[in-house]
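These notes concern the structure reproduced below.
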Amino acid sequence: MPGKLKVKIVAGRHLPVMDRASDLTDAFVEVKFGNTTFKTDVCLKSLNPQWNSEWFKFEVDDEDLQDEPLQITVLDHDTYSANDAIGKVYIDIDPLLYSEAATVISGWFPIYDTIHGIRGEINVVVKVDLFNDLNRFRQSSCGVKFFCTTSIPKCYRAVIIHGFVEELVVNEDPEYQWIDRIRTPRASNEARQRLISLMSGELQRKIGLKVLEMRGNAVVGYLQCFDLEGESGLVVRAIGTACTLDKLSSPAAFLPACNSPSKEMKEIPFNEDPNPNTHSSGPSTPLKNQTYSFSPSKSYSRQSSSSDTDLSLTPKTGMGSGSAGKEGGPFKALLRQQTQSALEQREFPFFTLTAFPPGFLVHVGGVVSARSVKLLDRIHNPDEPETRDAWWAEIRQEIKSHAKALGCHAVVGYSESTSICEEVCILSASGTAAVLNPRFLQDGTVEGCLEQRLEENLPAGCGFCHIPYDELNMPFPAHLTHCYNCRKQKVPDVLFTTIDLPVDATVIGKGCLIQARLCRLKKKAQAEANATAISNLLPFMEYEVHTQLMNKLKLKGMNALFGLRIQISVGENMLMGLASATGVYLAALPTPGGIQIAGKTPNDGSYEQHISHMQKKINDTIAKNKELYEINPPEMSEEIIGSPIPEPRQRSRLLRSQSESSDEVAELDLSHGKKDAFVLEIDDTDAMEDVHSLLTDVPPPSGFYSCNTEIMPGINNWTSEIQMFTSVRVIRLSSLNLTNQALNKNFNDLCENLLKSLYFKLRSMIPCCLCHVNFTVSLPEDELIQVTVTAVAITFDKNQALQTAKTHAEKSLQRASTDNEELLQFPLELCSDSLPSHPFPPAKEHLESASSNSGIPAAQRATSVDYSSFADRCSSWIELIKLKAQTIRRGSIKTTVTVEKASPVGEGNFRNRSSPPCANSTVGVVKMTPLSFIPGAKITKYLGIINMFFIRETTSLREEGGVSGFLHAFIAEVFAMVRAHVAALGGNAVVSYIMKQCVFMENPNKNQAQCLINVSGDAVVFVRESELEVVSTQQPTANCQPACAGGEVTT
Amino acid sequence: MTSELDIFVGNTTLIDEDVYRLWLDGYSVSDAVALRVRSGILEQTGATAAVLQSDTMDHYRTFHMLERLLHAPPKLLHQLIFQIPPSRQALLIERYYAFDEAFVREVLGKKLSKGTKKDLDDISTKTGITLKSCRRQFDNFKRVFKVVEEMRGSLVDNIQQHFLLSDRLARDYAAIVFFANNRFETGKKKLQYLSFGDFAFCAELMIQNWTLGAVGEAPTDPDSQVDDMDMDLDKEFLQDLKELKVLVADKDLLDLHKSLVCTALRGKLGVFSEMEANFKNLSRGLVNVAAKLTHTKDVRDLFVDLVEKFIEPCRSDHWPLNDVRLFLNQYSASVHSLDGFRFACSGCIT
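So the sequences go chain by chain: A and B. Going by UniProt numbering, the first residue of the first sequence is number 1, and it counts up by one from there. Going by UniProt numbering, the first residue of the second sequence is number 1, and it counts up by one from there.
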């Protein structure tokens, strides 16, 4: 009924030789969707067949359109025996189902066989005609957009962020069905691939329905995972954040508001035009109109938005402005109360986002996590996945209560994971407890005015650090000081979070990757005994991982962790813990103290000497690290701060618990009791080991930086070269004398060596930064440890490293005047920009000298985006321009820029058209990155989600180059297939790419190996900034829409 | 702790030129690692030997996977598995098809058959080039030969089109293919002083002037060579060469020819007297070589004969290179004025 799918098979190339006699192939194609199959003619004796088929038409329900993949099978015709399969292509047609995404899928797809890998390519064209169906009871959710990106996608604006959506579906794993004993490995693999494809389609549809129910139109931060539970079945689960997104398409409307960019920047969150249909952000608008009026143009822009304000809310607005002068304290309480009520209606106030629209995140409490050990049993009824649902519900409930204990009503940067070994499964969930600005939430109608007052009390760049909980009634012993930035609010001495560094945070120096690695031996056991053993070990692992993180953080001289991800994997005879995070020095938090070593036996002279030697080494390392990461916070005298310098005490910001088999919730206090935690006591060899391991972490070679967040704090001047990679290592432990220490050392070496290898391999890109370094560890077999790393190396311009902050200011100013569209997006993008040609070179030089003369502290210069200092610099720049007697009035900068930058319309269009991603005859380049952006480029269109699952198996492992050769080829093939799909959608990049699973199994004795890989990401069209500027500056005059330009090119 | 599996896969395939060269030169991973260590890379980068080992392995694996595609370079351009920038693709192909001078001299003119392949061990020991590298080079020759063997049109163009080689390399391959096809003997001790470049130069001239494609066509108009073959010598042309015998058989003609050449060259040659004295011998030598070319065996010995009959006498008289060139030019030019003869100089430049 409501959809017609049309498929055309054009041609094939590089097909394998299927007929030994003639060295040729008689190929034909089967096109299958649902239960309908079409066939092309047989193209005799050709390795490059031209079928040029008719349009095969499938008339299908949109429900099926969402669930089913299009299945294309290439076969070799055989007159006498059965036709041989050459390989298959599965095409997810979901991207064709939303209006703004791709309109056609057309291109060369690798023909994939689970036994032989890629065998040639096939050219396919797919289209969908969708009919509108307004059936209320429909089961489909066409039109809901999905994004893997964990922030609001670049060319969209969040009108409302609704909140958490989750769903899971279960099924029997075909690999474990009885039929698997009699069918070929190929048939079994294909059954599995198809099933998972179906299940993820179904899952996406169900989540889409939930989103529609919440009146949203998109899912952001969509994370879908598979749990291969073996005998007990296959679980596909997904979480995400439902949003109502608005496409940014009419930037011209905001163009007049360009006079004072600094203020404008600050205003972004409020400047957004609320969707007429929602009442949410209405009230804030008129208030702002009354309170601030910086320039006539700005109030103009605001008036346009206030047209749909609900008048009945005006009194409240007045109240809000009345309380303008009040302290933040009672306000905070009020705010919390109100947002709480807004959020309490939700079952789980969770957000999978890690980066937020400015103003969304008010306070951050700390990391909350929960783990639970479960025994798997067979899923008896696939239609009722209640057990698994209940398990997750339980964990989420725990997370929610932890967040509440931290005085927070929401959890951001939320994620879930599992680790399965035999019939034991560890479910983990973690996130960051936070207080959010209710304006973006659905029910936040009333509070619109409040957060804004609060905002006024909170200077930019430190607000999120302020504690959300009650000072007198702290959830755990913590040491608080006055914020080093605003001196008004209390801040903790360290902050752990799972989110990305907020763009407005004031950071000193650069960040670095910090990892805690840990192994624990466990006795082999069965079922319940095993589960008990694991749950007994978990608290100790968490404690140690946490201690290690804390110590390493101190050693780096930093005081906050972002993007923290703790992974605990279970194996037959051990547990592994791997925590990765990016350490930074937040200007708002106190300077971390050093690490002191204390011996237990102070009488022994030589021992003391040893201790003091160690102490010296540690102190040296801290000093060296401070220099390396350019951490030189401004000196502050204690009197000014008005509070004692924090004592060297460690406090935990982690609240966590383990529960075994559902019931017991054991909370663990990680604050080390009353012990002075900066002091490491060397009382046994274990502790010695710890200290040693602290010192063995080698910093990356010069020119290299690494972090696991989106962007590296302190580096802003990215250039456009990026290299995404996946590296896998498996080591075999010698089974003899396995001790915890030896294990730890092995594991540590494995990770360190892996990093060293990466640095060596990418040395040609120096200076560069490894971003979004994502380690996953698994224990595929008894003595095997597998570590998989996916990251992206991005080059940056070292020479401009010192000018970053300034160029920022300039850029933004320029942006503000030329391309207002930018303003509405995350300032994050500003940080990622490489430098385009500058409109005012002389002014730039003056600014540099000026700002260095004016002695802006290094802290501010290195800041990613610091609005307050930003404002100064922007205005000083303007002053300089004035001094240069260029007689540019503030309001006329735009025109000047336009004049200087604009080129004839025709040329601009031509340039844009001449650079399509896949128009040339050879293979177009498709970039892949785990980040949500592409440096030096602007994403103009999201084409849809890429979610692919592949199985590869071999029975000739040695011939394929052993395990390394096998996996190397497979990963290369997976990349190729992702790229081909993106190119066919008309895209030229995948952002937020993630390899969610890489399960590798081998049996060298049988010469066999099998690997499962699951990847996902967002297919996008990007336009290089250099090209973009031409387009965007033409905007006011040429009146073309840049957002569509890229799309036009490709479609 | 042993590493079971260790891989690195980039979205853009990383190609290390140095490692590629080592791989092409046929070094094993451990040898390559040792050579890289010696190059001082560890000191430059602060890496460890283990890192280097893993890196080298990775590159070798990549090259191994690419090798299949390099056998048909257009495939490399259209394949989807490895994302490689075009400049790098060109480098990969060019280097893969590059060959060692020492090696090519050994096999030039030999039949590219299994038998020759068996002799590669000896060539390897003799030239010091690894057997692996010898095999690659030999297989390259053979592959190019097989592909263009039956093709029509310009040999160089065909090679360039099917193997995407640079112009220079494509010309070299054309020479190799031409020599292999005609099985010219180049291995004799007497010919050892000739470099591959010398032979390639001859091959080019012969392709231009002596082959089916060349005869009767203006060499400046390659487009018109619709149905020619650059590989085989033109039988008719060789047959016609027999007619040259008259130049030495007919005493009058010989004298006339000699006087024409001598008049033209008088005062221009440093070795004029020697030339005048030897003219008859030299002319006889050249003409006999040319006249014999109808026999396949003699075609093979073309270069041996030329050296024996013409170059060695010249050398014994210490002719300077330029004089030889002048003499040959005049020698053939005079023939034209003698009769309607057409003779393309073989241009053996020593």
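We put the CB at the ideal spot given by N, CA and C, even for glycine. Only a predicted model underlies this, so the values are computations on that prediction, with no experimental measurement involved.
Restricting to Cα atoms, I'd like to know which of B:F141, B:M206, B:N158 is closest to K114 (chain B).
B:F141
Identify, in the order they occur along the chain, each residue of the same chain with its Cβ nearer than 6 angstroms to the Cβ of A175 (chain B), setting aside the five sequence neighbours on each side.
These residues qualify, in order along the chain: A200, A203.
Which complete alpha helix (DSSP H) runs does the segment 692–766 of chain A hold, if anything under 4 residues is left out?
740–761
Taking any Cβ of chain B, which residues in the segment 724–749 of chain A have a Cβ under 8 angstroms from it, in chain order?
M724, F725, T726, S727, V728, R729, V730, I731, R732, L733, S734, N746, D749
Excluding sequence positions up to five away, which residues of its chain have a Cβ less than 6 angstroms from the Cβ of D23 (chain A)?
The residues are V17.
Would you report the Cα separation of D94 (chain A) and D697 (chain A), rounded to the nearest angstrom?
45 angstroms
On a CA-only basis, which of A:L589, A:F164, A:S1026 is nearest T719 (chain A)? Give me that one, please.
A:S1026
Can you name the residues of chain A whose CB is closer than 8 angstroms to the CB of H64 (chain B)?
G961, G965
Where does N48 (chain A) fall in DSSP's three states?
coil
Mark D273 (chain A) as exposed unless 16 or more other C-beta atoms lie within 10 angstroms of its C-beta, in which case mark it buried.
Legend: pLDDT at D273 (chain A) = 36, less than 50; position of this residue unreliable, value from coordinates given subsequently. Buried, by the Cβ-count rule.
Exposed or buried, which one is W178 (chain A) when buried takes at least 16 other CB atoms within 10 Å?
So W178 (chain A) counts as exposed.
According to DSSP, which residues form a beta bridge with Y993 (chain A)?
Its beta-bridge partners do not exist; DSSP assigns none.
Using 8 angstroms as the Cβ pair cut-off and three pairs as the minimum, do the segment 927–939 of chain A and the segment 90–105 of chain B touch?
no
Is P110 (chain A) helix, strand or coil by DSSP?
P110 (chain A): strand per DSSP, three-state reduction.
Rounded straight-line distance, which links the Cα of P349 (chain A) to that of G571 (chain A):
Between G571 (chain A) and P349 (chain A), the C-alpha separation is close to 33 angstroms.
Could you tell me if the beta carbon of I15 (chain B) falls within a distance shorter than 6 angstroms of some heavy atom in the ligand MN?
Annotation note on the ligand MN: not contained in the displayed structure, which lists no ligands.
Any C-beta of chain E under 7 angstroms from that of P701 (chain A):
Among the chains of the structure shown, chain E does not appear; the protein chains present are A and B.
Using the beta-carbon count (16 or more within 10 Å), is P85 (chain B) buried or exposed?
Residue environment analysis places P85 (chain B) among the exposed positions, since fewer than 16 neighbouring C-beta atoms fall within 10 angstroms of its C-beta.
Near-chain A residues of the segment 8–37 of chain B - C-beta to any C-beta below 9 angstroms
F8, V9, G10, N11, T12, T13, L14, D16
Taking the straight line between their C-alpha atoms, what separation do you get for G924 (chain A) and Y112 (chain A)?
20 angstroms
Enclosing alpha helix (DSSP H) for L950 (chain A) [first to last residue]
First, the amino acid is wrong: residue 950 (chain A) is Phe here, not Leu. It is not in any alpha helix (DSSP H) - F950 (chain A) instead sits in the beta strand (DSSP E) that spans 937–954.
Could you check the C-alpha separation between E202 (chain A) and R183 (chain A) for me, to the nearest Å?
26 angstroms
On the criterion of 16 or more Cβ atoms from any shown chain inside 10 Å, does N189 (chain A) qualify as buried, or is it exposed?
buried
Across which residues does DSSP place F82 (chain B) in a beta bridge pair?
Paired residue(s): none; F82 (chain B) is not in a bridge.
Listed from N- to C-terminal order along the chain, which residues in the segment 92–108 of chain A have their beta-carbon within a distance smaller than 8 angstroms of any beta-carbon of chain B?
W108
Nearest neighbour of I105 (chain A), chosen from A:Y90, A:M995, A:G87, A:V124 [CA to CA]
A:V124
Can you tell me whether DSSP reads K609 (chain A) as helix, strand or coil?
Here residue 609 (chain A) is Gln; the residue named in the question, Lys, does not match the sequence. DSSP places Q609 (chain A) in helix when its eight states are reduced to three.
Could you give the DSSP three-state label for E172 (chain A): helix, strand or coil?
coil
Considering only the alpha carbon of each residue, which of A:K756, A:A505, A:Y705, A:T776 lies closest to K798 (chain A)?
A:Y705
I84 (chain B) at chain A interface by Cβ criterion, 7 angstroms:
no
Answer yes or no: do T739 (chain A) and M995 (chain A) have a C-beta to C-beta separation smaller than 7 angstroms?
The criterion of a C-beta distance shorter than 7 angstroms is not satisfied by T739 (chain A) and M995 (chain A).
Starting from P539 (chain A), follow the alpha helix (DSSP H) in both directions and report where the run begins and ends.
Note, P539 (chain A): alpha helix (DSSP H), 527–555.
I need the straight-line Cα distance from V165 (chain A) to G240 (chain A), nearest angstrom please.
5 angstroms
Within 8 angstroms, do at least three Cβ pairs link the segment 282–293 of chain B to the segment 310–323 of chain B?
yes
Just reading off the alpha helix (DSSP H) that F138 (chain B) is part of, what are its end residues?
131–149
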